[in-house]
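For reference, the structure discussed in these notes is given below.
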Amino acid sequence: MRIQWIPIIAIIIANLGIDAALWRWLRRRGGRHCGLKCWLHAALSVAMLALVVTAISIPNRRVGNPTLVAVMWMLMAYFSVCVPRWVALLLWQLGRLRCLGRRGRGAVRAAAVAAGAALCGAMWWGALVTPHTVHVERIGFASAKLPASFDGYRVVQISDLHLGTYGTDTTAVSMFIDSVNALKPDLICFTGDLVSRQTSEAEPFRHVLSRLRARHGVMAVLGNHDYDDYRTWPTQAQKEADRKALVQLERSMGWTVLNNVTHPIGLGGDSIDVIGAENYGDPPFHTYGSLAAAHNDLGNGRFKLLLQHSPYEWRAGVAGKTPVDLTLSGHTHAMQMMLTVGHRRLSPARLRYREWGGLYTEGSQALYVNIGLGMVAMPMRIGATPEITCITLKRKH
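In this note's numbering, the protein residues as written are 291 to 687.
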């Protein structure tokens with residue numbers, strides 16, 4: 291078993307420091323005999339520390355999906371206890387400022403306890419409730435290159451299902467599918483990460499995903515997780531075989547998989563190009579895609595819709611460099627944490643990605659980044675409700 295000592299030691303040090311501070315405070319409050327509160331605190335600290343050490347020590351690149359899901363929930367339990375406690379302790383320290391006065395210090399300390407409780411509640415709401423809801427984002431995109439026959443054409447985008455997170459429970463995914471079909475799309479686009487580590491995660495959902503319906507079907511590309519890079523395989527041949535099995539599974543569901551391929555769609559004597567490029571990721575993610583390989587005649591004058599899992603390529607090689615009109619991406623998940631204030635959305639994902647969620651324009655070109663449906667690492671979405679995007683194409687006169 292390969293134990294990841296560096297993160298374990300860092301967490302142990304942080305925990306020991308904070309727990310020691312809390313222990314001293316409880317001792318001062320309780321006098322010489324610490325009492326029940328002190329021992330409950332100690333028991334909780336030891337239990338949480340044992341939990342996170344166990345979770346990080348499991349060789350997750352080798353274990354089966356049920357064990358991986360268990361590790362995700364262990365991490366969820368740990369952080370939902372420790373992080374709110376850390377936040378409450380930090381705010382509590384402000385209550386020691388003498389300038390606040392006795393009442394002011396009491397108010398600050400009450401607010402610290404309330405903030406910790408609210409954060410814990412928000413995390414568990416994000417784990418138990420939010421992943422089983424869905425938000426439909428409706429936008430329009432106008433282009434002078436769009437043929438008249440496609441004016442009002444409805445494209446529905448979904449992304450990042452990460453089916454392994456759900457185990458074999460198809461309830462949430464079935465609800466997503468019903469929500470997509472209710473939009474009566476002309477075309478459904480899936481922008482990658484069907485699974486987290488291997489094809490077997492998708493098997494329980496084959497029948498459910500086969501229910502997707504659109505006039506011109508479902509078109510899909512692979513995401514960084516779909517290449518089986520997140521588990522250790524006995525041989526490279528087995529890894530390649532599993533990736534090919536995933537593509538075959540998607541095709542068996544009636545999906546058209548666009549691996550560096552262009553698929554023209556005809557309507558009323560007009561046509562547009564749907565381009566599917568394999569994943570083009572910023573480091574440390576691997577690059578498999580090539581827009582040039584996916585479309586050998588970018589200057590043909592037709593309206594072009596590009597499916598590319600990572601939004602990184604739009605800035606790196608599409609906007610201002612090619613005649614691609616609209617790019618659809620996913621990948622970021624908004625880091626599964628988002629705060630919406632009016633029409634503005636805030637997320638820590640903006641620290642990592644310039645384009646992380648929503649619509650971005652550059653001249654006549656646009657990128658839409660869908661924040662996804664599923665989860666990785668932590669089975670939790672705080673404010674980042676699973677998203678289905680309905681894009682209505684409009685002809686600009």
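Ideal placement from N, C-alpha and C gives every residue a C-beta, glycine not left out.
With a 10 Å radius around the Cβ and a threshold of 16 neighbouring Cβ atoms, Pro669 comes out buried. When C-beta atoms of the region 604–614 are compared with those of the region 651–659, three or more pairs fall below 8 Å, so the two segments count as touching.
By the Cβ criterion, the region 442–455 is in contact with the region 486–500, since at least three pairs of Cβ atoms, one from each stretch, lie closer than 8 Å.
Apart from sequence neighbours up to five positions away, the residues of its chain that approach His425 with a beta-carbon distance below 6 Å are Thr675 and Glu677, ordered along the chain. In this structure, DSSP gives Lys594 an extended state, which the three-state scheme calls strand. Here the C-alpha atom of Arg444 lies approximately 30 Å from the C-alpha atom of Thr577.
For His331, the enclosing alpha helix (DSSP H) has its first and last residue at Leu326 to Ser347.
Here Tyr650 carries a strand assignment [DSSP, helix/strand/coil]. DSSP, reduced to helix, strand and coil, places Ala656 within a strand of the structure shown. Residue environment: Ala438 is assigned as exposed (fewer than 16 neighbouring CB atoms within 10 Å of its CB, all protein chains considered). Counting C-beta pairs closer than 8 Å gives fewer than three between the region 428–442 and the region 388–400, which falls short of the contact rule.
The secondary-structure analysis by DSSP pairs Ala432 across a beta bridge with Lys684. For the pair Gln528 and Val564, the Cα-to-Cα distance works out to about 31 Å. Of the residues Leu499, Asp459 and Gln488, the one whose Cα lies closest to the Cα of Ile478 is Leu499.
If you check the CB distance, Leu381 and Ala400 do not come in under 8 Å.
Per DSSP, reduced to three states, the secondary structure at Val614 is coil, with no helix or strand assignment. Leu418 and Ser370 have their C-alpha atoms spaced approximately 13 Å apart. Rounded to whole angstroms, the gap between the alpha carbons of Trp523 and Leu683 is 43 Å. As the crow flies, the alpha-carbon of Trp646 is around 47 Å from that of Arg318. Rounded to the nearest whole angstrom, the CA to CA distance from Leu384 to Arg642 is 31 Å. Gln488 has no beta-bridge partner at all, per DSSP. Boundaries for Gly566: no alpha helix (DSSP H) harbours it, while the beta strand (DSSP E) harbouring it runs Asp560 to Gly566, taken from the DSSP string. Under the three-state reduction of DSSP, Ile478 is assigned to strand. Using a 10 angstroms sphere on the CB of Trp329, the tally of other CB atoms stays under 16, which defines it as exposed. DSSP lists Thr577 as the beta-bridge partner residues of Tyr570. The continuous stretches of beta strand (DSSP E) do not include Pro374, which lies in the alpha helix (DSSP H) extending over residues Asn355 to Leu384.
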